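What follows is a single structure, written as structure tokens, with notes after it.
Number of protein chains: 2
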Amino acid sequence: MHNILICDDEPDIVSALKIYLQAEGYATLSARTGREALRLAAENDIHLILLDIMMPEMDGITALARLRETCNVPVILLTAKSEDTDKVLGLNIGADDYVTKPFNPVEVLARVKSQLRRYLTLGSRTARDDAPARYTVGSLELDDRGKQVLLDGEPVSLTPTEFEILKLLMQHPGEVLSPRDIYRKVWNGEPYGAESTIAVHIRHLREKIEINPAEPRLLKVVWAQGYKLDGGTRP
Amino acid sequence: MHNILICDDEPDIVSALKIYLQAEGYATLSARTGREALRLAAENDIHLILLDIMMPEMDGITALARLRETCNVPVILLTAKSEDTDKVLGLNIGADDYVTKPFNPVEVLARVKSQLRRYLTLGSRTARDDAPARYTVGSLELDDRGKQVLLDGEPVSLTPTEFEILKLLMQHPGEVLSPRDIYRKVWNGEPYGAESTIAVHIRHLREKIEINPAEPRLLKVVWAQGYKLDGGTRP
DNA sequence: CAAGTGATTAAGATTGTTTTAAGAAGATTG
DNA sequence: CAATCTTCTTAAAACAATCTTAATCACTTG
Chain A
118 MHNILICDDE PDIVSALKIY LQAEGYATLS ARTGREALRL AAENDIHLIL LDIMMPEMDG
178 ITALARLRET CNVPVILLTA KSEDTDKVLG LNIGADDYVT KPFNPVEVLA RVKSQLRRYL
238 TLGSRTARDD APARYTVGSL ELDDRGKQVL LDGEPVSLTP TEFEILKLLM QHPGEVLSPR
298 DIYRKVWNGE PYGAESTIAV HIRHLREKIE INPAEPRLLK VVWAQGYKLD GGTRP
Chain B
118 MHNILICDDE PDIVSALKIY LQAEGYATLS ARTGREALRL AAENDIHLIL LDIMMPEMDG
178 ITALARLRET CNVPVILLTA KSEDTDKVLG LNIGADDYVT KPFNPVEVLA RVKSQLRRYL
238 TLGSRTARDD APARYTVGSL ELDDRGKQVL LDGEPVSLTP TEFEILKLLM QHPGEVLSPR
298 DIYRKVWNGE PYGAESTIAV HIRHLREKIE INPAEPRLLK VVWAQGYKLD GGTRP
């Protein structure tokens, strides 16, 4: 089903997580050091990584930074309480979520499921066969086959990247998608680039679909969360 | 299952508690002094602490104060009868509950269970995987995916922290949640900050969802207990 | 009334978003 | 083949929202 890489130097934690994850049908690999995790991640088809911050040889933060140079797989950090400053650092560096030790394995499992569900609905390149070729949200219509977008019936000319971002947002109307979510899907999991890249595309999109780009009515931002496409709701 | 740290200088009490707790499936550690308790708490994944107030070397109150500088784990104080003034003091300093000596072990067990249940249902940040994405309490609707809140059908714009606090209250409608409970959940167990932090967020929330913030009809305070969200009841 | 607790306010630090501009890469055209 | 155009990326700055804190006031309770 899915391959999960567990990276922690405490054997008890690893085996406990393994038991829970395997019971849910996930395949697991494990590493004791950041270096080993990087190697395993490079050599295998990993769908999610559980990464401890405190480890010998190469700590989790460094490992994560290295990892992010080459891929964008979901990472959940395992942190000890006292390392709370590292939390923020970790999320800035590119973790998708974190759990503080001591953790409840059930909670970790929930987060794993949550991340993988996101990965499935957003990230998988193997788009479903039954995915519609046409989406409608409010006054926007998007035709995937014809690569055309209509706003109030009038054609709008978008660049390929703009088109893909808009399509993603229209596939999840009213739902907030973080820049990382968008990056995963539109850039096909390539390493996350500059922070502002998506902001610029969003800006260009707004210039084309909003009456006033500075006061967006459709493509809204949710502070510290991401962007969403609002359908029929009034401001 | 859960790790419980017992801190008391009387061996009889410790062993008695151990027997009862282990019979219920809890793992136990024990310390004889406050200093030792702090060390054990720092080095292990502790889920709950039973802490005696009267101890050599470092008393329980001091130990608790120190502990609270770094973490927010549930603490149940063990106090002697004559120290009832200390009870309140202990709760101010950051205990979650207290039991007076001589105590009935069954009662201690009940309180331990109660605290851990609270910790489970409240303590994990993103709750369970099957947590609904939508909550309704009275005239309030909250959409977790869209990060949107409607009051009488009208959208209300909340900041991330306000949103999380309101979500927590809506997940437990009519239930009183102490500031410490709220802190545990929303700040993910980080050490408790300034007293007024939550009060400020509550104030901001009330400004956004109450007709008159000074006379709240939804987000009510229960003196010396905490806050609760009242549904459709009339005053 | 005193102690404990909640409410209010405002300021500063922090963090996230928008905007602008410039350059690189690739396609298209004369 | 060079010139031009489009698109994408990046960085920097300006801008904006949010969070925390501390100080002060006001209310509740015994």
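Order-wise, the sequence lines are chains A and B.
In this text, residue positions in the first sequence follow our numbering: the first is 118, and each later residue adds one.
In this text, residue positions in the second sequence follow our numbering: the first is 118, and each later residue adds one.
Note that beta-carbon positions come from the ideal geometry of N, C-alpha and C, so glycine has one too.
For clarity, every value in this text was computed on a predicted model and none was experimentally measured.
Cutoff 8 angstroms; reference Thr187(A); Cβ partners in own chain excluding five residues on either side: Position 70 of the first sequence holds residue 187(A). Within the same chain, Thr187(A) has close Cβ partners Ala159, Pro308.
May I have a chain-ordered list of the beta strand (DSSP E) segments no shorter than 3 residues that lie completely inside the segment 160-202 of chain A? Fully enclosed beta strand (DSSP E) runs of 3 or longer: 165-169, 192-197.
Enclosing alpha helix (DSSP H) for Ser313(A) [first to last residue]: Along the first sequence, one-based indexing puts residue 313(A) at 196. Where Ser313(A) is concerned, the enclosing alpha helix (DSSP H) stretches over 313-326.
Apply the 10 Å Cβ neighbour rule to Val342(B) and answer buried if 16 or more other Cβ atoms are within range, or exposed otherwise. The residue labelled residue 342(B) in the question sits at position 225 within the second sequence. A quick correction: the sequence has Gln, not Val, at residue 342(B). Residue burial is scored here from C-beta neighbours: Gln342(B) has fewer than 16 other C-beta atoms within 10 angstroms and is therefore classed as exposed.
Please state whether the Cβ-Cβ distance between Leu286(B) and Val303(B) is less than 8 angstroms. Sequence index remark: in the second sequence, residue 286(B) carries index 169 (1-based). Sequence index remark: in the second sequence, residue 303(B) carries index 186 (1-based). Taking 8 angstroms as the cut-off, the beta carbon of Leu286(B) is found no closer than this to the beta carbon of Val303(B).
Is the CB of Val303(A) under 8 angstroms away from at least one CB in chain B? Counting from 1 along the first sequence, the entry for residue 303(A) is found at position 186. It does not: the Cβ of Val303(A) has no partner Cβ on chain B nearer than 8 angstroms.
Around the Cβ of Val223(B), are there at least 16 other Cβ atoms within 10 angstroms (buried) or fewer (exposed)? Position 106 of the second sequence, counting from 1, holds the residue named residue 223(B). Val223(B) is exposed by the Cβ-count criterion.
From what residue to what residue does the alpha helix (DSSP H) around Val225(A) run? Within the first sequence, numbered from 1, the residue matching residue 225(A) stands at position 108. It spans 222-235 - the alpha helix (DSSP H) in which Val225(A) sits, taken as one unbroken run.
Using beta-carbon positions only, say whether Ile123(B) and His164(B) come within less than 8 angstroms of one another. Here residue 123(B) corresponds to residue number 6 of the second sequence, with the count starting at 1. Here residue 164(B) corresponds to residue number 47 of the second sequence, with the count starting at 1. Taking 8 angstroms as the Cβ cut-off, Ile123(B) and His164(B) do not qualify as a contacting pair.
In angstroms with no decimal places, state the Cα-to-Cα distance between Thr179(B) and Leu283(B). Your numbering for residue 179(B) matches position 62 in the second sequence. Your numbering for residue 283(B) matches position 166 in the second sequence. When rounded, the distance between both Cα atoms is 34 angstroms.
Can a CB atom of chain A be found closer than 8 angstroms to the CB of Arg245(B)? Position 128 of the second sequence, counting from 1, holds the residue named residue 245(B). Low local confidence applies: a pLDDT of 48 at Arg245(B) is under 50, so the model's placement there is unreliable, and no value is given.
Using 8 angstroms as the cut-off, can you tell me whether the segment 211-220 of chain A makes contact with the segment 191-198 of chain A, which would need three or more C-beta pairs spanning the two stretches below that distance? Because the criterion of three Cβ pairs below 8 angstroms is met, the segment 211-220 of chain A and the segment 191-198 of chain A touch.
What residues in its chain sit with their C-beta under 6 angstroms from that of Pro330(B), if we drop five residues either side in the sequence? Against the second sequence, residue 330(B) aligns to sequence position 213. Correct list, in chain order: Arg323, Glu324.
Contact set between Thr217(A) and chain B, taken where Cβ atoms lie within less than 8 angstroms: Walking along the first sequence from the start, residue 217(A) turns up at place 100. Residues of chain B whose Cβ lies closer than 8 angstroms to the Cβ of Thr217(A) are, in chain order, Asn305, Gly306.
Please determine, among Ile210(B), Gln288(B), Gly270(B), the residue with the shortest C-alpha to C-alpha distance to Arg297(B). Numbered from 1 along the second sequence, position 180 holds the residue referred to as residue 297(B). Nearest of Ile210(B), Gln288(B), Gly270(B) to Arg297(B), Cα basis: Ile210(B).
Leu168(B) versus Lys345(B), Glu153(B), Asp162(B), residue with shortest Cα-Cα distance: Numbered from its first residue, the second sequence carries residue 168(B) at position 51. Selected option, being the one with the closest Cα: Glu153(B).
Mind pulling the alpha helix (DSSP H) runs of 4 or more residues that sit fully within the segment 265-308 of chain B? Fully enclosed alpha helix (DSSP H) runs of no fewer than 4 residues occupy 277-288, 296-303 of the segment 265-308 of chain B, in order along the chain.
Could you give the distance in angstroms between the alpha-carbon of Leu181(A) and the alpha-carbon of Pro173(A)? Taking the first residue of the first sequence as 1, we reach residue 181(A) at position 64. Taking the first residue of the first sequence as 1, we reach residue 173(A) at position 56. Answer to the nearest angstrom: the Cα atoms are 14 angstroms apart.
Short CB-CB distance (under 8 angstroms) between Ala331(A) and chain B: Mapped onto the first sequence, residue 331(A) falls at position 214. For Ala331(A), the answer is no, since every Cβ of chain B falls outside 8 angstroms of its Cβ.
Return no unless some Cβ of chain B is closer than 8 angstroms to the Cβ of Val293(A). Against the first sequence, residue 293(A) aligns to sequence position 176. It does: the Cβ of Val293(A) has a partner Cβ on chain B nearer than 8 angstroms.
Among residues of its own chain, excluding the 5 on either side of Val317(B), which ones have a beta-carbon nearer than 6 angstroms to its beta-carbon? The residue given as residue 317(B) occupies position 200 in the second sequence. If the five residues before and after Val317(B) are omitted, its C-beta is found closer than 6 angstroms to no C-beta atom of its own chain.
Minimum C-alpha distance to Thr276(B) - residue among Ser147(A), Val192(A), Asp129(A), Val338(A): As a first step, residue 276(B) must be located in the second sequence, where it is residue number 159. Looking from the CA of Thr276(B), the closest CA among Ser147(A), Val192(A), Asp129(A), Val338(A) belongs to Val338(A).
To the nearest angstrom, how far is it from the Cα of Met171(B) to the Cα of Leu233(B)? Within the second sequence, numbered from 1, the residue matching residue 171(B) stands at position 54. Within the second sequence, numbered from 1, the residue matching residue 233(B) stands at position 116. In a straight line, the C-alpha of Met171(B) is about 24 angstroms away from that of Leu233(B).
Could you say which of Lys264(B), Ile130(B), Leu268(B), Arg251(B) lies nearest to Leu257(B) if we only look at CA atoms? For the purposes of this step, residue 257(B) is identified with residue 140 of the second sequence, where counting begins at 1. If we check each option's Cα against that of Leu257(B), Leu268(B) comes out closest.
Residue environment, Asn305(A), which counts as buried when at least 16 other CB atoms sit within 10 Å: In the first sequence, residue 305(A) corresponds to position 188, counting from 1. Counting the other Cβ atoms within 10 Å of the Cβ of Asn305(A) gives fewer than 16, which makes it exposed.
Counting only beta-carbon separations shorter than 8 angstroms, does Trp340(A) have a partner in chain B? Your numbering for residue 340(A) matches position 223 in the first sequence. For Trp340(A), the nearest CB of chain B lies under 8 angstroms from its own CB, placing it at the interface with that chain.
Secondary structure of Ser132(B), DSSP reduced to three states: Taking the first residue of the second sequence as position 1, residue 132(B) is located at position 15. Three-state result, Ser132(B): helix.
Taking 8 angstroms as the cut-off, decide whether the C-beta atoms of Tyr236(A) and Pro191(A) are in contact. Taking the first residue of the first sequence as 1, we reach residue 236(A) at position 119. Taking the first residue of the first sequence as 1, we reach residue 191(A) at position 74. Yes. Within cutoff.
State yes or no: is the C-beta of Leu134(A) within less than 8 angstroms of the C-beta of Leu146(A)? Numbered from its first residue, the first sequence carries residue 134(A) at position 17. Numbered from its first residue, the first sequence carries residue 146(A) at position 29. Contact: no.
Length of the line joining the Cα atoms of Gln139(A) and Leu226(A): Position 22 of the first sequence, counted from the first residue, corresponds to residue 139(A). Position 109 of the first sequence, counted from the first residue, corresponds to residue 226(A). Cα to Cα, the separation comes out at about 11 angstroms.
Test: Lys284(A) CB closer than 8 angstroms to a CB of chain B: As a working mapping, residue 284(A) is identified with position 167 in the first sequence. At a cut-off of 8 angstroms between beta-carbon atoms, Lys284(A) makes no contact with chain B.
Beta-carbon neighbours of Tyr345(A), restricted to chain B and to distances below 7 angstroms: As a position in the first sequence, residue 345(A) is number 228, starting the count at 1. The question names Tyr, yet the displayed sequence has Lys at residue 345(A). Chain B residues near Lys345(A): Gly263.
What residues from chain A crowd round Pro277(B), counting only those whose CB sits closer than 8 angstroms? Position 160 of the second sequence, counted from the start, is the residue given in the question as residue 277(B). Under the 8 angstroms cutoff, chain A gives Trp340, Ala341, Gln342.
With a threshold of 6 angstroms on Cβ separation, who are the neighbours of Asp261(B) within its own chain once the five nearest residues in sequence on each side are excluded? Here residue 261(B) refers to the residue found at position 144 when the second sequence is read from its first residue. For Asp261(B), where only same-chain residues beyond five positions count, the Cβ hits under 6 angstroms are Ala250.
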